[in-house]
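Asker: Protein chains in written order, with our numbering: chain A, 1 to 178; chain B, 1001 to 1385; chain C, 2001 to 2123. In this text, a Cβ means the ideal position worked out from N, Cα and C, and glycines have one as well. Just so we're clear, the structure is a prediction, and the values are computed from it rather than from any experiment.
#1: Who pairs with residue 1105 of chain B in a beta bridge, going by DSSP?
#2: In chain B, what lies closer than 8 Å to residue 2120 of chain C by C-beta?
#3: When you compare only the Cα positions, how much space is there between residue 141 of chain A and residue 64 of chain A?
#4: Report the three-state DSSP secondary structure of residue 1121 of chain B (helix, strand or coil).
#5: Under 9 Å, CB to CB, which of the residues in the segment 2016-2045 of chain C have a partner in chain A?
#6: Hey, is residue 166 of chain A's beta-carbon within less than 8 Å of any beta-carbon in chain C?
#7: On the CB-based measure, 16 or more other CB atoms within 10 Å of its CB, does residue 1275 of chain B come out buried or exposed?
#8: When you compare the CB of residue 71 of chain A with every CB in chain C, is at least one pair closer than 8 Å?
#9: Any contact of the segment 38-49 of chain A with the segment 1117-1127 of chain B, i.e. 3+ C-beta pairs under 8 Å?
#10: In whole angstroms, give me the CA-to-CA distance for residue 1143 of chain B and residue 1117 of chain B.
#11: Can you tell me which of B:1178, B:1385 and B:1054 puts its alpha carbon nearest to the alpha carbon of residue 1373 of chain B?
#12: Kindly list the residues whose CB is nearer than 7 Å to the CB of residue 1270 of chain B, restricted to its own chain and excluding five residues on each side of it in sequence; keep chain order.
#13: Expressed to the nearest angstrom, what Euclidean distance is found between the alpha-carbon atoms of residue 1026 of chain B and residue 1048 of chain B?
#14: Please classify residue 1308 of chain B: does DSSP put it in a helix, a strand, or coil?
#15: With 9 Å as the limit, tell me which residues of the segment 1063-1076 of chain B have their beta carbon closer than that to any beta carbon of chain C; keep them in chain order.
#16: Within 8 Å of any Cβ in chain C, is that where the Cβ of residue 1381 of chain B sits?
#17: Under a three-way DSSP split, which group does residue 1040 of chain B fall into?
#18: Is any beta-carbon of chain A found at less than 8 Å from that of residue 2012 of chain C?
#19: Residues of chain C with CB closer than 8 Å to the CB of residue 1354 of chain B, please, in chain order.
#20: Who pairs with residue 1209 of chain B in a beta bridge, going by DSSP?
#21: From residue 128 of chain A to residue 1110 of chain B, what does the alpha carbon distance come to, in whole angstroms?
#22: Anyone know if the C-beta pair for residue 2007 of chain C and residue 1019 of chain B falls short of 8 Å?
#23: Considering just the uninterrupted stretch of the alpha helix (DSSP H) at residue 1113 of chain B, what are its terminal residues?
#24: So, are the CB atoms of residue 1167 of chain B and residue 1234 of chain B less than 8 Å apart?
#25: At a CB-CB cut-off below 9 Å, which residues of chain B make contact with residue 57 of chain A?
#26: Check residue 1217 of chain B in the structure and name its three-state DSSP category.
#27: Who are the near neighbours of residue 1079 of chain B in its chain, counting only those whose CB is closer than 6 Å to its CB and skipping five residues on each side?
#28: Have a look at residue 160 of chain A and residue 1097 of chain B and give me their C-alpha separation to the nearest angstrom.
#29: Could you tell me if residue 1113 of chain B is buried or exposed, where buried requires 16 or more neighbouring beta carbons within 10 angstroms of its beta carbon?
#30: Can you give me the start and stop residues for the alpha helix (DSSP H) that residue 2039 of chain C sits inside?
#31: Give the range of the alpha helix (DSSP H) segment to which residue 1083 of chain B is assigned.
#32: Enumerate in chain order the residues of its own chain whose CB-to-CB distance from residue 1046 of chain B is below 6 Å, with the five nearest sequence positions on each side excluded.
#33: Which of the three DSSP states is assigned to residue 1168 of chain B in this structure?
#34: On the DSSP letters alone, give me the boundaries of the alpha helix (DSSP H) that residue 1147 of chain B sits inside.
#35: Rounded to whole angstroms, what's the CA-CA distance from residue 1384 of chain B to residue 1215 of chain B? Just pull it up for me.
#36: Give the C-beta separation of residue 1187 of chain B and residue 2105 of chain C to the nearest angstrom, bearing in mind that I take them to be a contact with Cβ-Cβ under 8 Å.
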């Protein structure tokens, strides 16, 4: 086994194991930490694919996003009660079965989709070759020519989310009235 | 990139990683000594001066004392998180510090050893070179906020939890200003790569504006003359990122005792300390790289230095080693200056209030960083017409 | 070995260093003696009344979510910043400059709105 392959299998194992732990842990704090670990693992996988910019972005944005979840968990959950609410009850059982079904469907779908992609050559994709700088420049070129409308729409979308988040946090009532 | 193609190169590169990690760890006691002597100097007292010459052995005594401390976990703590947090506090610092180029590469020619010829090598004086240096370092050091939360929540104490939340809210708020202030720098150099940035800053100040070549031979070609606002914003945000005074709200003694590390003692506490100093080192290193010419010597270009080194040494390998040594010293002089500024500011400025801190980050530094981005883009566009 | 492996080696060195320290601390450290007061969570000289289920201000959550939104916007400026000079040299400078200014205008509007709605006020 080459070093490349070893690294890939190691990282894949870490990523999948921490991803599984997110849903298997009963304590939401540990789940959030495992999610952060999953994000770091995915970022490391990007590094092995020479997608350095995406790896950095993965760390900055996604790991930061998990931080939001973390503070929310600390803020909202009275942990002892909520651990039981997550693990007991008919409704939770139904949700569990539904999510298993959804997950199985996703896995089957992913396998079915990727089988047809396996044979295709991907080397003509400009984003796949080269080191960090070229890929980032290629990203910039595509972003500011082909996808410029999507880029501007993203700005508006983020603005809407910001307004929504502030509105939610300011609404009166609930358990955490300021 | 990578570890190398034969056993000699891999061994040297591996040793280099260990040395750079030890450099980061070993700089901490020296900085602690400097901080204690420096604070004493600023406050007109003596500081540690009993153990060894100038109190230098104090560091060793501290380390021994840290090691012999009782090692216990509070009853309410989560043992795994309680132990893992200080260890994880080391990792972002170590990984990001290894990516900082500290000198020009050393060339080694072919030579005979153990009965075989070993081909020419190029060794970088940094742990590894990464194409998107800045983005990677920012991403890795943003992970440090997790160690705060792990420590704060894992200790099972309300002071630690509040300290951790405060510290992480502060860290992420200033990360915005930090990330935005370097957009202008990236635009200026047109690269993420730290070595390329350094090499862009050699020689005297010269640039093209509206088709005219402007040269100012009395100034070095440093980034600070192009991006003064970005330099101020970056350095201030770096203070907040590393939880140093005047932004060390995480450990407001009068409100939160020790902040997120209230429950820690002995070497576990020391590891948080190493993490904090690691952040300071990365901030100083990046400050030198972005705005003060990296490892280059002011006014002198790398080519001129190479020429001089070739004239005084016999082989190309020796010349590159000499150049690397000079560059390394130049880098460390600049680096040490910024470390001293960190210490200096800590013992000069009082602490902010929490609302002042958040106002400064969101309402002052973020708009100024945006203004810097817009102005830089505008000037670069106009200058190219 | 690829670059990702080198980063991992650094992580392992850091972990190994921490392990050595842990080992040294265990060998040389004093064995702890159990004392119920010592093992309580720290409190400033009085018996702890409020346990760790302290209610946390919603402001932290708001700060975190606003951080992530603005952070995404900043991340999108990086590819723009890096290829800005290339765009100028290929003649697309004005278009790219204006499109980013529109984006920054939305950013500034969002920031202005947050300030006006007192979402960033700490008291």
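Answerer: Short version:
#1: Residue numbering aside, residue 1105 of chain B sits at position 105 when the second chain is read from its first letter. Per DSSP, none; premise fails for residue 1105 of chain B.
#2: In the third chain, residue 2120 of chain C corresponds to position 120, counting from 1. The answer, in chain order, is 1358, 1359, 1362 and 1363.
#3: By one-based count along the first chain, residue 141 of chain A stands at place 141. By one-based count along the first chain, residue 64 of chain A stands at place 64. Roughly 26 Å between the two C-alpha positions.
#4: To locate residue 1121 of chain B, count along the second chain from 1; it is residue 121. Here residue 1121 of chain B sits in strand by DSSP.
#5: none
#6: In the first chain, residue 166 of chain A corresponds to position 166, counting from 1. Closer than 8 Å: yes.
#7: Mapped onto the second chain, residue 1275 of chain B falls at position 275. Counting Cβ neighbours within 10 Å, residue 1275 of chain B comes out buried, since at least 16 surround it.
#8: Translated into the one-based positions of the first chain, residue 71 of chain A becomes position 71. Yes, because at least one Cβ of chain C sits closer than 8 Å to the Cβ of residue 71 of chain A.
#9: no
#10: Looking up residue 1143 of chain B in the second chain gives position 143. Looking up residue 1117 of chain B in the second chain gives position 117. Rounded to the nearest angstrom, the two C-alpha atoms are 44 Å apart.
#11: As a position in the second chain, residue 1373 of chain B is number 373, starting the count at 1. Nearest of B:1178, B:1385 and B:1054 to residue 1373 of chain B, Cα basis: B:1178.
#12: In the second chain, residue 1270 of chain B corresponds to position 270, counting from 1. So the list reads 1066, once near-sequence residues are dropped.
#13: If you number the second chain from 1, residue 1026 of chain B lands on position 26. If you number the second chain from 1, residue 1048 of chain B lands on position 48. Rounded to the nearest angstrom, the two C-alpha atoms are 19 Å apart.
#14: As a working mapping, residue 1308 of chain B is identified with position 308 in the second chain. Helix.
#15: 1064, 1066, 1067, 1068, 1069, 1070, 1071, 1072, 1073, 1074, 1075 and 1076
#16: Residue mapping note: residue 1381 of chain B aligns to position 381 of the second chain, counting from 1. So, interface residue.
#17: Start at 1 with the first residue of the second chain, and residue 1040 of chain B comes out as number 40. Helix at residue 1040 of chain B.
#18: Walking along the third chain from the start, residue 2012 of chain C turns up at place 12. So, not an interface residue.
#19: In the second chain, the residue the question calls residue 1354 of chain B occupies position 354. Residues of chain C passing the Cβ test: 2122.
#20: Translated into positions along the second chain, residue 1209 of chain B becomes position 209. B:1212, per the DSSP bridge assignment.
#21: Working through the first chain from its first residue, we reach residue 128 of chain A at position 128. Working through the second chain from its first residue, we reach residue 1110 of chain B at position 110. Residue placement at residue 128 of chain A is poorly supported in this model, since its pLDDT is 46, which falls under 50; the coordinates are not used for a value here.
#22: In the third chain, the residue the question calls residue 2007 of chain C occupies position 7. In the second chain, the residue the question calls residue 1019 of chain B occupies position 19. Taking 8 Å as the Cβ cut-off, residue 2007 of chain C and residue 1019 of chain B do not qualify as a contacting pair.
#23: Taking the second chain and counting its residues from 1, the one referred to as residue 1113 of chain B is at position 113. Taken as a continuous stretch (DSSP letters only), residue 1113 of chain B belongs to no alpha helix (DSSP H), being part of the beta strand (DSSP E) at 1111-1113.
#24: By one-based count along the second chain, residue 1167 of chain B stands at place 167. By one-based count along the second chain, residue 1234 of chain B stands at place 234. Taking 8 Å as the Cβ cut-off, residue 1167 of chain B and residue 1234 of chain B do not qualify as a contacting pair.
#25: What you label residue 57 of chain A is simply residue 57 of the first chain in a count that begins at 1. In chain order: 1135 and 1139.
#26: Numbered from its first residue, the second chain carries residue 1217 of chain B at position 217. Three-state DSSP puts residue 1217 of chain B in a strand.
#27: As a first step, residue 1079 of chain B must be located in the second chain, where it is residue number 79. So the list reads 1073, once near-sequence residues are dropped.
#28: The residue given as residue 160 of chain A occupies position 160 in the first chain. The residue given as residue 1097 of chain B occupies position 97 in the second chain. Cα to Cα, residue 160 of chain A sits roughly 38 Å from residue 1097 of chain B.
#29: Residue 1113 of chain B sits at position 113 when you count from the first residue of the second chain. With fewer than 16 Cβ atoms within 10 Å of its Cβ, residue 1113 of chain B is classed as exposed.
#30: As a working note, residue 2039 of chain C is residue 39 in the third chain. That residue, residue 2039 of chain C, is in no alpha helix (DSSP H); it is neither H nor E in DSSP.
#31: Taking the first residue of the second chain as position 1, residue 1083 of chain B is located at position 83. Counting along the chain, the alpha helix (DSSP H) containing residue 1083 of chain B begins and ends at 1079-1098.
#32: Locating residue 1046 of chain B in the second chain gives position 46, counting from the first residue. Around residue 1046 of chain B: 1040.
#33: On the second chain, residue 1168 of chain B is found 168 positions in, with the first residue counted as 1. In the structure shown, residue 1168 of chain B sits in a helix (DSSP, three-state: H, G or I).
#34: If you number the second chain from 1, residue 1147 of chain B lands on position 147. 1144-1154 is the span of the alpha helix (DSSP H), which, as asked, contains residue 1147 of chain B.
#35: As a position in the second chain, residue 1384 of chain B is number 384, starting the count at 1. As a position in the second chain, residue 1215 of chain B is number 215, starting the count at 1. Distance between the alpha carbons of residue 1384 of chain B and residue 1215 of chain B is about 17 Å.
#36: The residue labelled residue 1187 of chain B in the question sits at position 187 within the second chain. The residue labelled residue 2105 of chain C in the question sits at position 105 within the third chain. Not confirmed; about 18 Å, so no contact.
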